[in-house]
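One structure below.
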Amino acid sequence: QKEVEQNSGPLSVPEGAIASLNCTYSDRGSQSFFWYRQYSGKSPELIMFIYSNGDKEDGRFTAQLNKASQYVSLLIRDSQPSDSATYLCAGTGFQKLVFGTGTRLLVSP
Amino acid sequence: KAGVTQTPRYLIKTRGQQVTLSCSPISGHRSVSWYQQTPGQGLQFLFEYFSETQRNKGNFPGRFSGRQFSNSRSEMNVSTLELGDSALYLCASSLGGTGGFVNNEQFFGPGTRLTVL
Chain A
59 QKEVEQNSGP LSVPEGAIAS LNCTYSDRGS QSFFWYRQYS GKSPELIMFI YSNGDKEDGR
119 FTAQLNKASQ YVSLLIRDSQ PSDSATYLCA GTGFQKLVFG TGTRLLVSP
Chain B
2 KAGVTQTPRY LIKTRGQQVT LSCSPISGHR SVSWYQQTPG QGLQFLFEYF SETQRNKGNF
62 PGRFSGRQFS NSRSEMNVST LELGDSALYL CASSLGGTGG FVNNEQFFGP GTRLTVL
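If you read the sequences in order, they're chains A and B.
Per the working numbering, the very first residue in the first sequence carries number 59; after that it's consecutive.
Per the working numbering, the very first residue in the second sequence carries number 2; after that it's consecutive.
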């Protein structure tokens, strides 16, 4: 079992819709979770991180963490075609980040 | 503030050769981590350095090594290259410290694309 799991997708949503990206993790010792966006051929770009149970909002992005159920999610409101990318979820391990394999998001105009 | 820089950006080597990649972290960041990214395996952790000390190492063979200098710049070396080493090598910097990555965001450089022929 992978430590951080994501559905590879693609997740297709129309422009203006809410995109919901999910991630589950197996290490209960993980304390913080990070969401990165990676465009094809580019390096990962940090979107936001969360370490407390509940929701954390930043602009069009909302991260949600449920430690009891061991899942993390990222909501993207008013999705734009420019949001089309692979979204990577990562959890903290011992002196490292453990990444999921990413979910590909496609936003159609 | 300048971001993380990596050199070279592209590299072509042949099997059996060795290669050295360089990473300069964001000013003030003392932790540098290295990752290998391939289409099949995703982002795999190689190692992490903080204040010139390797604090953690991933499941890679001993052909993969690294070091960090007093100015926090880091290098990684791969000896006796194999075809399977073809990948995007990413380094990421963070403030580091005893808290590790908890609450410390990690910022990636543009990567070095290594092709082994």
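Glycine is no exception: its CB is placed at the ideal position from the N, C-alpha and C atoms.
Values in this document were obtained by computation on a predicted structure and should not be read as measured data.
For residue i, does the three-state DSSP call read helix, strand or coil?
{"i": "Thr118 (chain B)", "result": "The sequence given here has Leu at residue 118 (chain B), not Thr. It is coil, neither helix nor strand."}
{"i": "Asp86 (chain B)", "result": "helix"}
{"i": "Pro68 (chain A)", "result": "coil"}
{"i": "Leu90 (chain A)", "result": "Here residue 90 (chain A) turns out to be Ser, not Leu, going by the sequence shown. Ser90 (chain A) falls in the coil class under three-state DSSP."}
{"i": "Phe94 (chain B)", "result": "According to the sequence provided, residue 94 (chain B) is Ser. The question's Phe does not apply to it. Three-state result, Ser94 (chain B): strand."}
{"i": "Asp85 (chain A)", "result": "coil"}
{"i": "Asp141 (chain A)", "result": "helix"}
{"i": "Ile27 (chain B)", "result": "coil"}
Taking 8 angstroms as the CB-CB cut-off, is residue i touching chain B?
{"i": "Gln128 (chain A)", "result": "no"}
{"i": "Thr120 (chain A)", "result": "no"}
{"i": "Ser101 (chain A)", "result": "yes"}
{"i": "Gln138 (chain A)", "result": "no"}
{"i": "Leu146 (chain A)", "result": "yes"}
Taking all protein chains shown into account, do 16 or more other C-beta atoms lie within 10 angstroms of the C-beta of residue i, making it buried, or fewer, making it exposed?
{"i": "Tyr36 (chain B)", "result": "buried"}
{"i": "Leu82 (chain B)", "result": "buried"}
{"i": "Gln107 (chain B)", "result": "buried"}
{"i": "Ser137 (chain A)", "result": "buried"}
{"i": "Leu163 (chain A)", "result": "buried"}
{"i": "Ala126 (chain A)", "result": "exposed"}
{"i": "Gly149 (chain A)", "result": "buried"}
{"i": "Phe91 (chain A)", "result": "buried"}
{"i": "Tyr11 (chain B)", "result": "exposed"}
{"i": "Phe152 (chain A)", "result": "exposed"}
{"i": "Pro26 (chain B)", "result": "buried"}
Can you tell me which of the options puts its alpha carbon nearest to the alpha carbon of residue i?
{"i": "Phe51 (chain B)", "options": "B:Arg68, B:Ala3, B:Leu89 and B:Leu115", "result": "B:Arg68"}
{"i": "Ser66 (chain A)", "options": "A:Glu73, A:Arg86 and A:Thr82", "result": "A:Thr82"}
{"i": "Gly41 (chain B)", "options": "B:Leu96, B:Leu118, B:Cys92 and B:Asp86", "result": "B:Asp86"}
Determine, using beta carbons only, whether residue i comes closer than 8 angstroms to chain A.
{"i": "Pro111 (chain B)", "result": "yes"}
{"i": "Gly29 (chain B)", "result": "no"}
{"i": "Arg64 (chain B)", "result": "no"}
{"i": "Ser94 (chain B)", "result": "no"}
{"i": "Phe46 (chain B)", "result": "yes"}
{"i": "Leu84 (chain B)", "result": "no"}
{"i": "Asn60 (chain B)", "result": "no"}
{"i": "Gly1 (chain B)", "result": "Lying outside 2 to 118, the shown extent of chain B, residue 1 (chain B) is not represented and no answer is given."}
To the nearest whole angstrom, what separates the beta carbons of residue i and residue j, a pair I think is in contact under 8 angstroms?
{"i": "Val33 (chain B)", "j": "Ser94 (chain B)", "result": "5 angstroms"}
{"i": "Val20 (chain B)", "j": "Gly110 (chain B)", "result": "No, Val20 (chain B) and Gly110 (chain B) are not in contact; Cβ-Cβ is about 16 angstroms, not under 8 angstroms."}
{"i": "Asn60 (chain B)", "j": "Glu49 (chain B)", "result": "At roughly 14 angstroms, the Cβ-Cβ gap does not stay under 8 angstroms, so Asn60 (chain B) and Glu49 (chain B) are not in contact."}
Can you determine whether any heavy atom of the ligand MG sits closer than 7 angstroms to the C-beta of residue i, and answer yes or no?
{"i": "Thr113 (chain B)", "result": "Of ligands this structure carries none, so the ligand MG is not represented either."}
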